[in-house]
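>
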Amino acid sequence: MVSTMAINKDDSRSFLTEEHLLFKQSIREFLAKEAVPFYDQWEKEGEIPYSFWEKVGDNGFLCPWIEVEFGGIGANFGYSVVLAEELERVGSALGGISIHSDVVAPYIASFGTIDQKQRYLPKFITGEMISAFAWTEPEMGSELADIQTTAIKKDGYYLLNGAKTFVTNGFKADFMIVACKTDLNAVPPKDGISLLLIDKDTPGLSRGRKLSKPEQGSLGTAELFFDDASVPVGNLLGEEGKGLSYIMQKLQQERLICAISSIMAAKDMLHLTMNFIKSQKAIDKKRSAFKNAQFTIAEIATDIQLGRTFIDELICKHMTGENIITEVSMAKQWITEMSKRISDKCMQLHDRYGSMGDDKIARRHRDISLPTFFTGTDDTIKTLIAKNIGFLIHF
């Protein structure tokens, strides 16, 4: 059952308007009816059904920021924040919806042609089309320039060869953006990276196994393989060789969404733990244990408040178009690690009850570490931070 966190305190955040709050209430009521009763089953099955995606779209929750001419309402980023938070309140495995709505779709909106926007964005909004972004590869290190998937132009097509792994939504995706090398001789190599738009029925595309992992099992994470996959040259997103530049431009929002979800997961763990401790107080006579728990809860609440204050400041700056990639990277790295620390403390406070696999606190503890690997490793993010504050040392 979804924990009932106070909504009034969150309502006072400076970027939220009355319209945002109505949107939040609508999503919360929708998820309580359409997601909460089925969430455990989806976790067991390892995927969220198409029917749910369509319901999310039918209710107007997907990509509301898209321009009116392509089917959206031109809403601001505050709606994306609300969507990410309310999905996370139910469970981390719903995060694939935010990736579709606020990570993949913005690439089309920002860099796509009019034809590409008309072809994809309306279906993104309705949930008719599920999307994914494929850049990670089986043998890839932390550098995006290490991408080995190639796309060689021939007779009006790109012949795509290579493999991608850990693709969120990849098992069910109707469409994906694939990072690949279109110029094998580019110097530096990053200048040879491009982005291609790939439809699910592309000849030469095959999906490997659905990656079975304990964390966030319903994300539909999969492997993708390309064997001379024939991609029309018209499916190039933006310009050849600009792929890494486009990715860097969108990292700010992607890392911000990740941090927003992580702080909500931490808040939910705090709420679950507080309720558990209160429920045990009447039957446990060890006052010293509750005093220690009280101190731990105070520490956890302080960490969460610090993270939330930082995040809310960054949300406001992002909404005004500021370049805050350094600060967002700091937030993503610190908050995801902080959430892991909080998770361990909460599990300890639950004692033996927290180890039950079907309990929500156990599921939170299982899922909460995965975002530390999103949008780049810790080393990659820390290197970017060090570089941007003028302290990059070459070894």
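With our numbering applied, the sequence shown corresponds to residues 124 to 518, in that order. The C-beta atom is built at its ideal place from N, Cα and C for all residues, glycine as well.
Could you tell me which of Glu-422, Glu-209 and Glu-450 sits nearest to Ser-384, measuring between CA atoms?
As a position in the sequence shown, residue 384 is number 261, starting the count at 1. Minimum Cα distance to Ser-384 is reached at Glu-209.
> Kindly list the residues whose CB is nearer than 6 Å to the CB of Thr-419, restricted to its own chain and excluding five residues on each side of it in sequence; keep chain order.
Here residue 419 refers to the residue found at position 296 when the sequence shown is read from its first residue. The answer, listed in chain order, is Lys-468.
> Taking the beta carbon of Glu-142 as the centre, do at least 16 other beta carbons fall within 10 Å, making it buried, or is it exposed?
Looking up residue 142 in the sequence shown gives position 19. Classification of Glu-142: exposed, given that the 10 Å Cβ count is below 16.
> Looking at the C-beta of Leu-493, does it have a partner C-beta in chain C at a distance below 8 Å?
Chain labels in this structure do not include chain C; a single protein chain is all it has.
> Starting from the C-beta of Gly-197, find all residues in its chain whose C-beta is less than 6 Å away, skip the five residues before and the five after it, and write them out in chain order.
Taking the sequence shown and counting its residues from 1, the one referred to as residue 197 is at position 74. Excluding sequence neighbours, Gly-197 sits near Glu-190 and Val-191.
> Using 10 angstroms around the beta-carbon of Asn-292, count the other beta-carbons present and answer buried if the total reaches 16, otherwise exposed.
Sequence index remark: in the sequence shown, residue 292 carries index 169 (1-based). Asn-292 should be labelled buried.
> What are the boundary residues of the alpha helix (DSSP H) that Val-213 is part of?
Within the sequence shown, the letter at position 90 stands for residue 213. Note, Val-213: alpha helix (DSSP H), 200-213.
> Alpha carbon to alpha carbon, how far is Thr-459 from Phe-413?
Numbered from its first residue, the sequence shown carries residue 459 at position 336. Numbered from its first residue, the sequence shown carries residue 413 at position 290. Roughly 27 Å between the two C-alpha positions.
> At a cut-off of 7 Å, would you count Ile-491 as near the ligand ZN, judging by its Cβ distance to the nearest heavy atom?
Absence of the ligand ZN from the depicted structure is noted, as is the absence of any ligand whatsoever, leaving it without description.
> In the DSSP assignment, find the alpha helix (DSSP H) that holds Gly-195 and state where it starts and stops.
For the purposes of this step, residue 195 is taken as residue 72 along the sequence shown, with counting starting at 1. Unbroken run through Gly-195: none, as it is neither H nor E.
> For Ser-353, report the span of its beta strand (DSSP E) as first-last.
The count along the sequence shown starts at 1 and reaches residue 353 at position 230. 345-355 is the span of the beta strand (DSSP E), which, as asked, contains Ser-353.
> Secondary structure at Lys-277, three-state DSSP: helix, strand or coil?
On the sequence shown, position 154 is the one that residue 277 refers to. Collapsing the DSSP output to three states places Lys-277 in a strand.
> Who are the near neighbours of Leu-437 in its chain, counting only those whose CB is closer than 7 Å to its CB and skipping five residues on each side?
Reading the sequence shown from its first residue, position 314 is the one you call residue 437. So the qualifying residues of the chain are Leu-379, Ile-447, Glu-450, Val-451 and Ala-454.
> Does the Cβ of Ser-137 have 16 or more other Cβ atoms within 10 Å, making it buried, or fewer, making it exposed?
Translated into positions along the sequence shown, residue 137 becomes position 14. Exposed is the call here.
> Hey, would you say Gly-195 sits closer than 8 Å to Pro-187, going by beta carbons?
Here residue 195 corresponds to residue number 72 of the sequence shown, with the count starting at 1. Here residue 187 corresponds to residue number 64 of the sequence shown, with the count starting at 1. The answer is yes: Cβ separation under 8 Å.
> Do Phe-184 and Ala-158 have their CB atoms nearer than 8 Å?
Position 61 of the sequence shown, counting from 1, holds the residue named residue 184. Position 35 of the sequence shown, counting from 1, holds the residue named residue 158. Cβ distance not < 8 Å, so Phe-184 and Ala-158 don't count as in contact.
> Per the contact definition of three or more C-beta pairs closer than 8 Å, is the segment 311-321 in contact with the segment 353-372?
yes
> Suppose you measure from the CA of Ser-462 to the CA of Val-310; what does that come to, to the nearest Å?
Working through the sequence shown from its first residue, we reach residue 462 at position 339. Working through the sequence shown from its first residue, we reach residue 310 at position 187. Taking the Cα positions, Ser-462 is about 40 Å away from Val-310.
> Look at the Cβ atom of Ala-416, then the Cβ atom of Ile-400, and state whether they are nearer than 8 Å.
For the purposes of this step, residue 416 is taken as the residue at position 293 of the sequence shown. For the purposes of this step, residue 400 is taken as the residue at position 277 of the sequence shown. Taking a C-beta distance under 8 Å as the contact criterion, Ala-416 and Ile-400 qualify as a contact pair.
> In whole angstroms, what separates the C-alpha of Glu-377 from that of Asp-351?
By one-based count along the sequence shown, residue 377 stands at place 254. By one-based count along the sequence shown, residue 351 stands at place 228. Straight-line Cα distance between these residues: approximately 30 Å.
> By Cβ distance, which residues of its chain are closer than 8 Å to Glu-177, with the 5 residues on each side in sequence left out?
One-based indexing of the sequence shown puts residue 177 at position 54. Contacts found: Thr-249, Gly-250 and Glu-251.
> With distance defined between alpha-carbon atoms, name the residue in Phe-298, Leu-145, Lys-156 and Ser-233 nearest to Phe-256.
Here the question's residue 256 lines up with position 133 in the sequence shown. Taking Phe-256 as reference, the option from Phe-298, Leu-145, Lys-156 and Ser-233 with the minimal CA-CA separation is Phe-298.
> Label Gly-219 either buried or exposed according to how many other C-beta atoms from any shown protein chain fall within 10 Å of its C-beta, with 16 as the threshold for buried.
Here residue 219 refers to the residue found at position 96 when the sequence shown is read from its first residue. Burial call: buried.
> Taking three-plus beta-carbon pairs below 8 Å as touching, is the segment 316-328 in contact with the segment 301-308?
yes
> Nearest by alpha-carbon distance to Phe-497: which of Trp-258, Met-470, Tyr-281 and Ala-274 is it?
Counting from 1 along the sequence shown, the entry for residue 497 is found at position 374. Comparing Cα positions, the closest option is Trp-258.
> Excluding the 5 residues flanking Pro-337 on each side, which residues of the same chain have their C-beta closer than 8 Å to its C-beta?
For the purposes of this step, residue 337 is taken as the residue at position 214 of the sequence shown. Caution is warranted here: a pLDDT of 47 is assigned to Pro-337, below 50, making its placement in the model unreliable, and the coordinate value is therefore given only provisionally. If we look at Pro-337 and ignore the five residues flanking it on each side, its Cβ neighbours are Arg-489.
> What are the complete alpha helix (DSSP H) segments, minimum 4 residues, inside the segment 374-437?
none
> Can you list, in chain order, the residues of its chain whose CB lies under 7 Å from that of Val-204, leaving out five sequence neighbours each side?
Taking the sequence shown and counting its residues from 1, the one referred to as residue 204 is at position 81. Ile-383 and Ile-438, listed in sequence order.
> Pull up the DSSP beta-bridge partners for Phe-161, would you.
One-based indexing of the sequence shown puts residue 161 at position 38. Answer by DSSP bridge pairing: none, since Phe-161 is not bridged.
> For Gly-357, which option in Pro-261, Tyr-281 and Asp-324 has the closest C-alpha, if you only look at C-alpha atoms?
Within the sequence shown, residue 357 is the residue found at index 234, counting from 1. Checked all of Pro-261, Tyr-281 and Asp-324; the closest Cα to Gly-357 is Tyr-281.
> What three-state label does DSSP hand Leu-360 in the structure shown?
Locating residue 360 in the sequence shown gives position 237, counting from the first residue. The answer is strand: DSSP assigns Leu-360 an E or B state.
> Quick one: what's got a C-beta closer than 6 Å to Thr-396's C-beta in the same chain, skipping five residues either side?
For the purposes of this step, residue 396 is taken as residue 273 along the sequence shown, with counting starting at 1. Answer for Thr-396: Cys-469 and Leu-472, listed in chain order.
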